[in-house]
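In short: position in the sequence shown from 1, add 64, done, that's my numbering.
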Amino acid sequence: MRGVGIYFLIFAVVLAVAWFYQDSAISRQETIENIEFSEFVSYLEKEQVKSLTITESARRYEGELRDGTLFIAYAPTVYDMETVSRVYIIPQSGSGLVVESVKPSSASAWLSWLPTLLLIGVMIFFWTSFMGAGGAGGGNKNVMNFGKNRAHMLKDGDMKKITFADVAGLDEEKAELEELVDFLRNPKKYIQLGARIPKGVLLVGPPGTGKTYISKAVAGEAGVPFFSISGSDFVEMFVGVGASRVRDLFTEAKKNAPCIIFIDEIDAVGRRRGAGIGGGNDEREQTLNQLLVEMDGFGVNEGIIILAATNRPDVLDPAILRPGRFDREVAIGIPDIKGREAIFKVHSKNKPLDKSIDMKVLARRTPGFTPADIENMMNEAALLAARRNGSQIHMDDLEEAVTRVIAGPQKKSRVISDAEKKLTAYHEAGHAVVARALPNADPVHQVTIMPRGRAGGFTMTLPKEDKYYMTKTDMEQQIMHLLGGRVAEKLVLKDISTGASNDLERATTIARNMITKYGMSDKIGPINYSESDEVFLGRDFTSRKNFSESLASEIDKEIKLIMETAFTRTEEILTEHMDQLNRIAEALLELETIDGTQFEQLFKDEKTLEEIRQDSLEQAKAKEEANQLEAEKRAAAEEAERKAAEDQLRRHLDKGKRVAVMDKDGRMVFKDLSKLRDKQETENAEAKETKDES
C-alpha cells in the first residue's frame, strides 16, 4: 500500500502541473475573440487587420485588428488556403499588414491531451493493481479478487490454543466431538475397521451456548489447520462469486488436509431452496448447490471435516442435512445447574473472588443463563467491584450483575411522581403475592420499584431446580402470576394502567400455545393447530391455515376462557391476601427494593416495616464499612508496593542508571539514579542536622 500511495502522489503532481498549463492556456484564450471566417474576410477587405499569423496545418488565422482586438478564425475545408492568401492577403502587403506563417507546436498539442492521457493511465494502473494476484487462502488483499475464498486459516501455534479443558458444562457434547479429534490424530485405526468418520457435524443450539467456542476446542485438540468462515462471506452481489469461493475453499482445504472447515451461521447460505416468488434461481442457491457438490465430492479418507453452527436448523435445506454431508447433529443447549457451576469456575479463574462466594448458589440463582450470559455477568461483577475501588469481587457485586444482565442497569436519576411510584409498588407487590400464594410457583428472589431498562420495576422469581417440562397447572399459574400486577391495580387503585402490557402479551401467548400447540383444551382436543414459523418470502402466499374459520373462533373463545378464569382466580388470591399486599407495597414505597428474605418476613408478618428498615440500614452501614476497609487495604497494598519499588531503587543507587519507578499516583516514571543518590544524601544530611539541633 505504501508503493501505491507513492505512485498515486506522482500521478497527482503530474496531473496538477498539466492542468495548470492547460488552464493558463485557456485563460489566455479567454481574451481572444473567436470570429466566423466570413467576418474575417470582411475585415481583410476593409483593411482593418493589423497583423496576422497563419497556421496552415490547423487552417487557423490568428491576429490583431487595428483597434487592438485580438481574434482567431478557422477556414472551412471548402476554402483553399492559397486562394485566400492570393485574393485577400497579398494585395494588402502595401497597407502595413504584417503576415507570419508558422508550423503548429507539437508540445502544445501533446499538452492539451496530457490530462486525458493521465486520467486513462491512472485508471489502468489501479485496475491492474486490483486485478493482481492475491494472498494465499483468502484473497483479502485485492478487492477485485472476488472468486477467492475469505476463510481465515489458522495453523497450530497461530492462535491461542483452546482445548476441551477450557470448555465447561458440555460433557456429552465434548464426548460426541472427541471421535473427530481421535480420527484426525489416528485415522488408520478407523480405516482398518472399515469405519467412516462423519464428513460433517452440525452444531445446533440457541445463541451464546458455545457452538463456535467448542469448534475452536476441536481444532486445538486435533492440532490441524482450521479454516473459519461465516456463511454470509460466500454470497456477494455478483453472480457466481459464492460458488467460486466454495470451490476455492475446498481446494485450499485439500492442500492442507487433514484440516477442519468451520462455517459459522450456515443458515445464511444453506437456507431451503425455491423460497422466492416465482421459483427463480438466485446467487444464494447457486452457492448452496456448489456447497452440496463439494461436501459430497471429496474422498472418504481425505481428512477434511466440516463443522457448521446454526441457531436456525429449521430453515436449512433438507439436502444439506442428509447423511453423507452432515452425518451428525450435536445439540448444544442451555446448561443445567451442574454445567453452570462448572462454567462459573472457568470464568472466575482470573478474577479475585471473596471466600464467601459459593458457586453452587450462583448456579442455582442463574437458571436459563447461557455460557455467554455467565461470562458477561462475571465481567459486569468485576466492573462493579472496580467501580467501588474493591480488591475482590463480593456476592453483592454478583447479585447486582445478575440483575443487570436480566433487567438492565438501574436508572436512579429518573424522576417518578408519588402517584406512579404507588402504582408501581402495588403492581409489583401483586406479582410477588400471587407468586407466593400459588403452590407450584417459583420463589420470590427480589422485588423492586427502581426502574431498570424499559421496566418501571420488576419481580424476580427463581426456580428451585431446572425445569424441562411444563404441566398444564404450571402454565395456568404462570398466567396468574403475570396477571397479578393488573389485578392489584384494579383492586386497590380502582383503575388500570399500561404497565401490564407486556404481562398481558406474555400471558396471552401462553394461553394460545396451550390451545393450539400443546392440545390442552378439552373442547378443542389434543390437536396441534399452531401456525408454522416460516420465514421465507413468498411461502406465506401459498400456505394455508390448518383449521377452519369456525374452529378459529372456538380457539379464540378457549383462549378468552383461560384468561378470564386466571383473572378471576388471581382476584380471589389477592383479596384473600390483601393485608400482605398492603404491607409489601408500603415496604416498597419506603425501601424501593426488598430481597427474598425480607419479602418472606413481611408476608408472614414476622417483622414489621420498621424492623425491616432498621435491618436494611444496618446492612447498608456494614457494607459501606466493609467497602471502606477494603479500599484502605488496597491503598495500603499499593503504598507498600510503591515503597518496595523505591527500596529496590535505593539498593541500586551506586550503578548510576535510569530505572522505572512508581510515583505516588501509581504511574511508572523514569528517574536518574545519580540525581536520586544526591537527593538521598541531601535528605540524610538535613535529617542529621535536625537531629543534632534537637
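All residues carry an ideal CB built from backbone N, CA and C; glycine is no exception.
For residue i, the three-state DSSP class (helix, strand or coil)
| i | result |
| --- | --- |
| R633 | helix |
| D297 | helix |
| Y125 | strand |
| A383 | helix |
| G521 | coil |
| E705 | helix |
| H760 | Here the chain has residues from 65 to 758 only, and residue 760 is not among them. |
| Q456 | coil |
| A372 | strand |
| Y277 | helix |
| Y138 | strand |
| L266 | strand |
| G512 | Correcting the residue identity first, residue 512 is Thr in this sequence and not Gly. Strand at T512. |
| Q112 | coil |
| T147 | helix |
| D620 | helix |
| T672 | coil |
Beta-carbon proximity check, residue i vs residue j, cutoff 8 Å
| i | j | result |
| --- | --- | --- |
| I401 | R428 | yes |
| V231 | L244 | no |
| I398 | T434 | yes |
| A332 | S308 | no |
| V556 | T634 | no |
| T523 | P507 | no |
| K225 | G284 | yes |
| I513 | L652 | yes |
| H495 | G548 | yes |
| A139 | I99 | no |
| A649 | A489 | yes |
| P473 | R404 | no |
| I658 | A501 | no |
| C323 | G367 | yes |
| K114 | E128 | yes |
| G454 | E694 | yes |
Inter-residue Cα distance where the pair is residue i and residue j
| i | j | result |
| --- | --- | --- |
| E492 | S477 | 20 Å |
| I457 | A395 | 34 Å |
| D131 | E97 | 13 Å |
| K587 | I623 | 11 Å |
| M459 | E439 | 16 Å |
| M423 | E464 | 16 Å |
| P503 | G306 | 57 Å |
| L380 | W191 | 39 Å |
| S614 | I579 | 15 Å |
| V310 | E358 | 8 Å |
| E753 | A690 | 44 Å |
| I626 | P527 | 24 Å |
| A200 | T315 | Since pLDDT at A200 reaches only 39, below the 50 mark, its modelled position is unreliable, and the value read off the structure follows with that caveat. Taking the straight line joining both Cα atoms gives about 12 Å. |
| V498 | E444 | 32 Å |
| D391 | D360 | 11 Å |
| I560 | T632 | 16 Å |
| A701 | R451 | 18 Å |
| T535 | L568 | 20 Å |
Residue burial classification, residue i (beta-carbon count within 10 angstroms, cutoff 16)
| i | result |
| --- | --- |
| Q683 | exposed |
| V479 | exposed |
| M642 | exposed |
| R260 | exposed |
| E529 | exposed |
| G338 | exposed |
| S279 | buried |
| D461 | buried |
| M544 | buried |
| Y125 | buried |
| P289 | buried |
| M441 | buried |
| D482 | exposed |
| E349 | buried |
| K253 | exposed |
| E747 | exposed |
| P262 | buried |
| G233 | buried |
The ligand ATP heavy atom lying under 7 Å from the CB of residue i
| i | result |
| --- | --- |
| H495 | The ligand ATP is not among the ligands present in this structure, which contains no ligands whatsoever. |
**Validate contact between the segment 557-577 and the segment 537-549 using beta carbons, cut 8 Å, 3 pairs** = yes
**Message:** Any contact between the segment 259-277 and the segment 414-421? By contact I mean 3 or more CB pairs, one from each, below 8 Å.
**Reply:** Cβ pair count under 8 Å is below three, so no.
**Segment contact, 8 Å Cβ cut-off, at least three pairs: the segment 317-328 with the segment 285-295** = The count of Cβ pairs closer than 8 Å, one atom from the segment 317-328 and one from the segment 285-295, reaches three, so the stretches are in contact.
**Asked** Using 8 Å as the threshold, is the segment 139-156 in touch with the segment 97-108, meaning 3 or more CB pairs across them?
**Response** yes
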